[in-house]
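Asker:
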């Protein structure tokens with residue numbers, strides 16, 4: 000498997016933190032996707048993809064409402080399909096405490 004075909008995806012605040020740490024330790028060239036409603040979870044880099052759930056003016060994020068996070072994630076389906084086009088393995092990291100990770104990873 001080509002390391003460039005591996006995607007480490009973090010969903011929600013804790014998922015993004017875990018995924019970023021895994022990405023930093025991964026020396027084989029995997030890609031990183033950070034998915035959250037809160038901009039503070041995002042990092043930038045050449046192989047980092049950022050998907051924001053919601054609008055830039057929406058300071059509430061998903062307000063700890065899993066159905067809202069799920070709805071917003073489904074709204075990004077065309078983007079996620081393109082992201083997964085050449086991906087062979089996805090490592091999905093999220094917390095399931097009842098917020099963004101719970102809804103968006105559903």
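Residue numbers (the numbering used here): 0 to 105.
Ideal Cβ placement from N, Cα and C applies to all residues, glycine included.
Would you grab the beta carbon distance between residue 32 and residue 50 for me? Rounded to a whole angstrom, and I think it's under 8 Å.
Answerer: Confirmed, about 7 Å.
Asker: From what residue to what residue does the beta strand (DSSP E) around residue 9 run?
Answerer: Where residue 9 is concerned, the enclosing beta strand (DSSP E) stretches over 5-10.
Asker: Between the C-alpha atoms of residue 4 and residue 95, what's the straight-line distance to the nearest angstrom?
Answerer: Those two C-alpha atoms are separated by around 26 Å.
Asker: Bridge partners of residue 32, per DSSP?
Answerer: Answer is 8, 48.
Asker: Kindly indicate the opening and closing residues of the alpha helix (DSSP H) around residue 149.
Answerer: For residue 149 there is no data in the structure shown, the boundaries of the chain being 0 and 105.
Asker: From 30, 18, 8, 104, pick the residue whose C-alpha is nearest to that of residue 69; which is it?
Answerer: When each option's Cα is compared against that of residue 69, the closest is 104.
Asker: If you follow the alpha helix (DSSP H) that residue 65 is part of, which residue opens it and which one closes it?
Answerer: Residues 65-73.
Asker: Look up residue 15 in the DSSP assignment and say whether it is helix, strand or coil.
Answerer: Reduced to three states, the DSSP call for residue 15 is helix.
Asker: Cutting at 8 Å between CB atoms, please list the residues of its own chain near residue 40, excluding the five before and the five after it.
Answerer: If we look at residue 40 and ignore the five residues flanking it on each side, its Cβ neighbours are 9, 11, 12, 15, 16, 33.
Asker: Can you find the residues in the same chain that come closer than 6 Å, C-beta to C-beta, to residue 92, ignoring five residues on each side of it along the sequence?
Answerer: The residues are 9, 14, 17, 18.
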